[in-house]
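So the protein lines, in turn, are chains A and B. So the first sequence is numbered by the working numbering: it starts at 7 and just counts up by one. So the second sequence is numbered by the working numbering: it starts at 5 and just counts up by one. C-beta: ideal position from N, C-alpha, C; glycine also. Written below as structure tokens is the structure these notes are about.
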Amino acid sequence: MNEKRKMRVATCSLAGCFGCHMSLLDIDEKLFDLLEMIEFDRTPFTDIKHCGPCDIGIVEGGVSNAENARVLKEFRDNCRILVAIGACAIDGNVPALRNNIDLWDCFQEVYLYEGGLEGNQIPNDPELPLPFDKVYPIYEVVKVDYFLPGCPPSADTIWKFLNDLIAGREPKVSYEMLRYD
Amino acid sequence: MNTTITIDGKTVPFTDGQTIMDAALASGIYIPHLCHNPDFEPHGSCKLCVVSVNGRNMTSCTMPASEGMVVASDTHELNEDRKVLVQMLFVEGNHICPACEASGNCQLQASAYYLNMLSPHFTHFYAPREVDASHPDIFLDLNRCILCELCVRASREIDGKNVFGISGRGIHTHLVVNAASGRLGDTDFAVTDRAAHVCPTGAILIKRQGYRIPIGKRTFDQRNISEVQMESSQHVEPDDERKT
């Protein structure tokens with residue numbers, strides 16, 4: 007009998023805090039079980055630089071700059087199933103608190119007006135990604151297949167959700183698993 | 005005279021003058037609602053309580069019960085409609101639950117949990133809205149206001165103060181404070197007023213009270229909104245309004 011092909015999974019953090027990735031690691035020793043079922047492609051856990059063809063892409067964080075948008079498009083182009091994980095990817099969350107502050111005002115406040123920054127300037131090297139006027143949920147940029155809310159979702163919730171997804175079941179987020187905070 | 009209607013196949017008695025919502029709550033049947041509070045006149049703005057009455061959709065909080073009505077409420081179709089309404093409320097305001105003191109005690113959030121809302125689905129408005137911290141004891145954060153007008157009603161009808169009002173049209177409709185300056189601090193609003201405790205979301209918050217209840221012990225951590233609202237419709241505790 008052929009050994010079952012392992013699912014290929016990519017993850018990334020856009021305008022995220024890496025908290026959703028930490029919550030994934032909180033499944034603790036079940037990580038060994040997870041690695042029996044999946045193989046990681048591009049993720050902060052591996053050294054792979056670009057997302058290749060994958061079964062599942064898991065995106066944490068909203069879209070706040072041009073680099074976020076580029077990475078998100080790469081994930082959408084390569085992942086059969088794209089999952090928005092955590093409040094930031096789903097509604098912008100706390101980073102979106104900047105959406106009602108003028109971007110230029112934000113920059114001046116941080117890079118020019120702060121005490122002890124005399125002679126500073128707003129970073130303008132072309133290597134730096136340009137920020138967007140607002141922070142956007144990822145579903146406002148690309149099509150998203152599944153949503154897993156929480157800030158972050160609990161490890162148990164992520165484990166249950168991934169198990170459904172990997173087994174090809176429609177993932178259900180039960181009342182007990184559902185929270186936004 | 006006692007007469008009856010049926011709600012989801014169950015026979016429910018009502019007395020003259022009772023709405024479908026009144027009859028349902030009295031019989032222990034939960035119909036999702038946000039702007040309705042049994043202590044106040046019906047409002048009809050949130051539309052969550054829409055039910056099918058003899059095949060037509062109507063708000064159960066405003067529709068008087070009449071003999072022989074056949075009402076459907078807990079159906080997949082109506083619950084999906086209700087979820088869309090909640091999604092509309094979420095994208096219209098700035099509902100950032102992880103940073104909100106009302107999280108876990110918020111009826112909008114609890115309704116979204118109850119209806120299994122996994123994402124707000126629509127394009128966010130990110131409307132610029134104001135926070136008024138001028139009052140010594142109370143915050144007013146319009147980012148979270150859903151225009152249920154419970155504070156307006158409570159202030160007028162119970163507190164006798166007329167602190168709040170609604171102004172503007174269409175999407176620009178917003179809560180206003182009845183003071184020349186428009187600031188809450190320039191009114192006679194008091195932390196003991198009913199209107200300070202009736203907000204179903206985190207739009208009106210008491211200062212220096214946030215995050216006191218540990219996660220796991222907040223109103224909706226253990227029980228869903230149908231259980232909490234059914235219980236509170238039997239006896240309302242004025243000092244614990246956010247649970248109703």
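query = Do you know offhand how far Thr7 of chain B's Cα is from Gly32 of chain B's?
reply = Counting from one through the second sequence, the residue named residue 7 of chain B turns up at place 3. Counting from one through the second sequence, the residue named residue 32 of chain B turns up at place 28. Approximately 17 Å, taken between the alpha carbons.
Leu144 of chain B beta carbon less than 8 Å from that of Ile229 of chain B = In the second sequence, residue 229 of chain B corresponds to position 225, counting from 1. In the second sequence, residue 144 of chain B corresponds to position 140, counting from 1. The criterion of a C-beta distance shorter than 8 Å is not satisfied by Ile229 of chain B and Leu144 of chain B.
query = Just the Cα atoms here: how many angstroms apart are Ala102 of chain A and Glu120 of chain A?
reply = As a working mapping, residue 102 of chain A is identified with position 96 in the first sequence. As a working mapping, residue 120 of chain A is identified with position 114 in the first sequence. Rounded to whole angstroms, Ala102 of chain A to Glu120 of chain A spans 22 Å at the Cα level.
request  = Residues of the segment 116–134 of chain B with a CB closer than 7 Å to any CB of chain A: list them in chain order, please.
outcome  = Residues Tyr117, Asn120, Leu122, Ser123, Pro124, Thr127, His128, Tyr130 and Pro132.
query = What are the residues of the segment 75–98 of chain A that lie near chain B, defined by any Cβ-Cβ distance shorter than 8 Å?
reply = For the segment 75–98 of chain A, the residues whose beta carbon sits under 8 Å from a beta carbon of chain B are, in order, Ala90, Ala93, Ile96, Asp97 and Gly98.
ask   = Using the beta-carbon count (16 or more within 10 Å), is Ser107 of chain B buried or exposed?
value = Position 103 of the second sequence, counted from the start, is the residue given in the question as residue 107 of chain B. Buried, by the Cβ-count rule.
query = Should Arg14 of chain A be labelled buried (16 or more other beta-carbon atoms within 10 Å of its own) or exposed?
reply = Numbered from its first residue, the first sequence carries residue 14 of chain A at position 8. Classification for Arg14 of chain A: buried.
query = Do three or more CB pairs link the segment 91–98 of chain B to the segment 123–130 of chain B at distances below 8 Å?
reply = Proximity of the segment 91–98 of chain B to the segment 123–130 of chain B meets the contact definition, three or more beta-carbon pairs being nearer than 8 Å.
key: Opening and closing residue of the alpha helix (DSSP H) in which Thr191 of chain B lies   = The count along the second sequence starts at 1 and reaches residue 191 of chain B at position 187. Neither: Thr191 of chain B is in no alpha helix (DSSP H) and is coded neither H nor E.
Within chain B, the residues that Val147 of chain A reaches when beta carbons sit closer than 8 Å = The residue labelled residue 147 of chain A in the question sits at position 141 within the first sequence. In chain order: nothing, as chain B lies at least about 11 Å away.
message = Can you give me the C-alpha to C-alpha distance between Val156 of chain B and Cys149 of chain B, rounded to a whole angstrom?
response = By 1-based counting over the second sequence, the position of residue 156 of chain B is 152. By 1-based counting over the second sequence, the position of residue 149 of chain B is 145. Straight-line measurement puts the Cα of Cys149 of chain B at about 12 Å from the Cα of Val156 of chain B.
message = Using C-beta distances below 7 Å, list every residue in its chain close to Asp151 of chain A, excluding the 5 sequence neighbours before and after it, in chain order.
response = The residue you call residue 151 of chain A lines up with position 145 of the first sequence. Cβ neighbours of Asp151 of chain A beyond the five flanking positions: Ile87, Leu88 and Val89.
inquiry  = From the DSSP secondary-structure annotation, give me the bridge partner or partners of Val65 of chain A.
reply    = Against the first sequence, residue 65 of chain A aligns to sequence position 59. In the DSSP assignment, Val65 of chain A forms a beta bridge with A:Cys18 and A:Ala90.
request  = Kindly indicate if chain B contains any beta-carbon less than 8 Å away from that of Asp187 of chain A.
outcome  = If you number the first sequence from 1, residue 187 of chain A lands on position 181. Yes, its Cβ sits closer than 8 Å to a Cβ of chain B.
query = Can Phe92 of chain A and Glu66 of chain A be called in contact, C-beta distance under 8 Å?
reply = By 1-based counting over the first sequence, the position of residue 92 of chain A is 86. By 1-based counting over the first sequence, the position of residue 66 of chain A is 60. Inspection of the sequence shows that residue 92 of chain A is occupied by Gly rather than by Phe. Between Gly92 of chain A and Glu66 of chain A, the C-beta spacing is below 8 Å.
ask   = Assuming Gly186 of chain B and Val180 of chain B make a contact with CB atoms under 8 Å, what is their CB distance in whole Å?
value = Looking up residue 186 of chain B in the second sequence gives position 182. Looking up residue 180 of chain B in the second sequence gives position 176. Distance from Gly186 of chain B to Val180 of chain B at the Cβ level is roughly 6 Å; contact confirmed, criterion being Cβ atoms closer than 8 Å.
task = Kindly indicate which residue of B:Glu161, B:Gly164, B:Thr15 and B:Asn182 has the alpha-carbon position closest to the one of Ile170 of chain B.
result = Against the second sequence, residue 170 of chain B aligns to sequence position 166. Among B:Glu161, B:Gly164, B:Thr15 and B:Asn182, the Cα nearest to that of Ile170 of chain B is on B:Asn182.
request  = Starting from Asp4 of chain B, follow the beta strand (DSSP E) in both directions and report where the run begins and ends.
outcome  = An answer regarding residue 4 of chain B cannot be provided, because it is not within the stretch 5 to 248 covered by chain B.
message = Assuming Val54 of chain B is part of the beta strand (DSSP E), what are its boundary residues?
response = Here residue 54 of chain B corresponds to residue number 50 of the second sequence, with the count starting at 1. Under the DSSP assignment, Val54 of chain B falls in the beta strand (DSSP E) whose first and last residues are Val54 to Val57.
ask   = Fully enclosed by the segment 126–177 of chain A, which alpha helix (DSSP H) runs are 4 residues long or longer?
value = Counting only runs of 4 or more, we get 161–172.
ask   = Using 8 Å as the threshold, is the segment 38–49 of chain B in touch with the segment 21–29 of chain B, meaning 3 or more CB pairs across them?
value = At 8 Å Cβ cutoff, the stretches touch.
message = For Lys188 of chain A, would you say it is in contact with chain B, using Cβ-to-Cβ distances shorter than 8 Å as the test?
response = A question about residue 188 of chain A goes unanswered here, because the residues of chain A that appear run from 7 up to 187.
request  = Determine the contact status of Ala72 of chain A and Leu136 of chain A, defining contact as a CB-CB distance below 8 Å.
outcome  = Here residue 72 of chain A refers to the residue found at position 66 of the first sequence. Here residue 136 of chain A refers to the residue found at position 130 of the first sequence. At the C-beta level, Ala72 of chain A and Leu136 of chain A come within 8 Å of one another.
ask   = Looking at the unbroken beta strand (DSSP E) that takes in Ala76 of chain B, where does it start and where does it end?
value = The residue given as residue 76 of chain B occupies position 72 in the second sequence. Ala76 of chain B -> beta strand (DSSP E) spans Val74 to Ala76.
ask   = Looking at chain A, which residues of the segment 54–65 of chain B have a Cβ within less than 9 Å of any of its Cβ atoms?
value = Interface annotation for the segment 54–65 of chain B against chain A: empty, criterion Cβ-Cβ distance under 9 Å.
key: Neighbourhood of Ser64 of chain B by C-beta distance below 6 Å, restricted to the same chain and skipping five residues each side   = By one-based count along the second sequence, residue 64 of chain B stands at place 60. Hits under 6 Å: Ile24, Met25, Ile35, Cys53 and Val55.
task = Identify every residue that forms a DSSP beta bridge with Lys14 of chain B.
result = Within the second sequence, the letter at position 10 stands for residue 14 of chain B. Answer is B:Ile11, bridged to Lys14 of chain B.
request  = Return the residue from the list B:Asn120, B:Val90, B:Phe193 and B:Arg216 that minimises the CA-CA distance to Ser138 of chain B.
outcome  = Position 134 of the second sequence, counted from the start, is the residue given in the question as residue 138 of chain B. Measuring from the Cα of Ser138 of chain B, the nearest candidate turns out to be B:Phe193.
task = For Pro242 of chain B, count neighbouring Cβ atoms within 10 angstroms of its own Cβ and tell me buried if that reaches 16, exposed if not.
result = If you number the second sequence from 1, residue 242 of chain B lands on position 238. Confidence in Pro242 of chain B is poor, its pLDDT being 45 and thus under 50, which makes the residue's placement unreliable; the coordinate value appears in the next sentence. In this structure Pro242 of chain B is exposed. Its beta-carbon is surrounded by fewer than 16 other beta-carbon atoms within 10 angstroms.
Sequence-distant residues of its chain with Cβ nearer than 8 Å to Gly22 of chain A (five each side left out) = For the purposes of this step, residue 22 of chain A is taken as residue 16 along the first sequence, with counting starting at 1. Cβ within range, chain order: Glu66, Gly67, Gly68, Gly92, Cys94 and Ala95.
ask   = Should Gln114 of chain A go down as buried or exposed, given a rule of 16 or more other Cβ atoms within 10 Å for buried?
value = The residue you call residue 114 of chain A lines up with position 108 of the first sequence. Under the 10 Å beta carbon count, Gln114 of chain A is surrounded by fewer than 16 other beta carbons and is classified as exposed.
ask   = Closest Cβ-Cβ distance between Met7 of chain A and chain B: below 8 Å?
value = In the first sequence, residue 7 of chain A corresponds to position 1, counting from 1. Its pLDDT being 45, under 50, Met7 of chain A is placed unreliably in this model, and the coordinates cannot settle the point.
message = Counting C-beta neighbours from all protein chains within 10 Å, is the total for Asp131 of chain A 16 or more, i.e. buried, or is it exposed?
response = Locating residue 131 of chain A in the first sequence gives position 125, where the first residue counts as 1. Exposed is the call here.
key: Cβ shell of Val77 of chain A (< 6 Å), same chain only, five flanking positions each side left out   = Residue numbering aside, residue 77 of chain A sits at position 71 when the first sequence is read from its first letter. Residues Cys18 of the same chain have their beta carbon placed closer than 6 Å to that of Val77 of chain A, with the five preceding and five following residues left out of the count.
inquiry  = Tell me the residue span of the beta strand (DSSP E) that contains Ile142 of chain B.
reply    = Residue 142 of chain B sits at position 138 when you count from the first residue of the second sequence. It spans Ile142 to Asp145 - the beta strand (DSSP E) in which Ile142 of chain B sits, taken as one unbroken run.
inquiry  = Would Lys211 of chain B and Asp136 of chain B qualify as a contact pair, given that the criterion is a beta-carbon distance under 8 Å?
reply    = Mapped onto the second sequence, residue 211 of chain B falls at position 207. Mapped onto the second sequence, residue 136 of chain B falls at position 132. Against a cut-off of 8 Å, the Cβ pair of Asp136 of chain B and Lys211 of chain B comes out as no contact.
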